[in-house]
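Beneath this line is the structure, given in structure tokens, with notes to follow.
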DNA sequence: CGAATATAGTTATAGTTGTTAACTAGATGA
DNA sequence: TCATCTAGTTAACAACTATAACTATATTCG
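Chains as they are written, first to last, in my numbering: chain R, 130 to 296; chain B, 130 to 296.
Put into structure tokens, the structure is as follows:
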């Protein structure tokens, strides 16, 4: 295996003088997947800080919002909407139920399935969390104007909506 | 704990008739963090499919590209640039080295640090992968025009660049 | 009817990833 | 020289995701 720099078998080499601190100028700078990942991590970091005192993780927040929007939704449908696997829903709902935020109600027509509802406490918390999330998004994207933020959102939705449909 | 619907203790409830299949209409639709996550997963799915035959994971690809751009970069700097923890770099580089794609060269001035270089094989593969990645990004974002894609990229970079600096 | 098949939810398991703490070798600076 | 710092490493661990298999109900159809 040859070192590419000279093609000779160098044993001791100086590391490059430049000390890059960003991916500026590299192909990575133009890679959508990479940019999405980095931006997502940055935004999630803010989100997690904002939610820390309520001990709410991103997937829990999403679940709360969906249950609020569709009270009585079954676990299977919740899994579909959030595009996560059914086994993950179980522990997610277990946790919300243990904390008194949500509850399963066995459906009398189909006794296999459970409708999921928010408790009063869950509803109140969800309202509060939605505001925190809104604020957290804005904090995480200070570099963007309100118009840019909306533009970004609409572009992102186009991507994942298209991708969800074609499956 | 009361069920919010009526405030009474319902034991058997019909699940909602509607069967939602997307987050359309919910607050989630307007949450930047959620949209970023979903879009990122969609794009990564394409990426992973494209890279499958080469057995290259996203972080490995990113590493190859950065090493190509900064031959002789130290592991510490690579970690900084990619914003990942030093321990992760170790197994990452181990893997690339075992596969003959990259190699560590001990720096003679500071014998603690290693410069990392691509082998000829690594360089050739990286060239190939960059094209695959480019194509994969385009496939994953068929719903976007070329202009929109560039817009999106610039918005994303603004977010994570700002976030990286302030630390 | 009742046997075969399908579905909702669950459990267990394991692979993968990211995080933290602590260690070694070498460098630096008083 | 001694104390402190840094680069890389190792190991332990927590979190997340995916898969397989199990239970209970439901449905289909001969």
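Heads up, the beta-carbon is just placed ideally off N, CA and C, and yes, glycines get one too. These numbers were taken from a predicted model, which means no experiment stands behind them.
Would you please verify whether the beta carbon of residue i is less than 8 Å from any beta carbon of chain R?
| i | result |
| --- | --- |
| residue 159 of chain B | yes |
| residue 266 of chain B | yes |
| residue 195 of chain B | yes |
| residue 292 of chain B | yes |
| residue 215 of chain B | no |
| residue 288 of chain B | yes |
| residue 155 of chain B | yes |
| residue 262 of chain B | yes |
Tell me which same chain residues have a C-beta within less than 7 Å of the C-beta of residue i, skipping the five on either side of it?
| i | result |
| --- | --- |
| residue 235 of chain B | 243 |
| residue 286 of chain R | none |
| residue 195 of chain R | 202, 207, 210, 211 |
| residue 265 of chain B | 175, 176, 179 |
| residue 197 of chain R | 247, 252, 255 |
| residue 226 of chain R | 232, 233 |
| residue 250 of chain R | 229, 230 |
| residue 221 of chain B | 188, 189, 192 |
Within the 8 Å Cβ cut-off, does residue i reach chain B?
| i | result |
| --- | --- |
| residue 142 of chain R | Any reading at residue 142 of chain R must be qualified, since the residue scores a pLDDT of 45, below 50, and its modelled position is unreliable; the value itself is stated next. For residue 142 of chain R, the answer is yes, since a Cβ of chain B falls inside 8 Å of its Cβ. |
| residue 152 of chain R | yes |
| residue 277 of chain R | yes |
| residue 218 of chain R | no |
| residue 280 of chain R | yes |
| residue 166 of chain R | yes |
| residue 208 of chain R | no |
| residue 285 of chain R | yes |
| residue 273 of chain R | yes |
Here's a check: name, in chain order, each residue in its chain whose Cβ is nearer than 6 Å to the Cβ of residue i, leaving out the five neighbours to either side.
| i | result |
| --- | --- |
| residue 203 of chain B | 242 |
| residue 158 of chain B | 152 |
| residue 277 of chain R | none |
| residue 193 of chain B | 255 |
| residue 200 of chain B | 246 |
Tell me which same chain residues have a C-beta within less than 8 Å of the C-beta of residue i, skipping the five on either side of it?
| i | result |
| --- | --- |
| residue 263 of chain B | none |
| residue 224 of chain R | 189 |
| residue 309 of chain B | This structure leaves residue 309 of chain B out entirely; chain B is present only between 130 and 296. |
| residue 215 of chain B | 204, 205, 208 |
| residue 292 of chain B | none |
| residue 171 of chain R | 269 |
| residue 168 of chain R | none |
| residue 267 of chain B | 278 |
For residue i, report the span of its beta strand (DSSP E) as first-last.
| i | result |
| --- | --- |
| residue 231 of chain B | 231–235 |
Opposite residue i in the DSSP bridges: which residues?
| i | result |
| --- | --- |
| residue 245 of chain R | R:202, R:233 |
Over what stretch of residues does the alpha helix (DSSP H) that includes residue i continue unbroken?
| i | result |
| --- | --- |
| residue 175 of chain B | 161–180 |
| residue 220 of chain R | 215–227 |
Quick one, which residues of the region 168–202 of chain R are near chain B if we go by CB-CB under 9 Å, in chain order? Residues passing the 9 Å Cβ filter: 168, 169, 170, 171, 172, 173, 174, 175, 176, 187, 190, 191, 194, 195, 197, 198, 199, 200, 201, 202.
Residues within the region 217–246 of chain B neighbouring chain R, beta-carbon criterion of under 7 Å: Under the 7 Å Cβ criterion, the region 217–246 of chain B contributes 229, 232, 234, 235, 236, 237, 238, 242, 244, 246.
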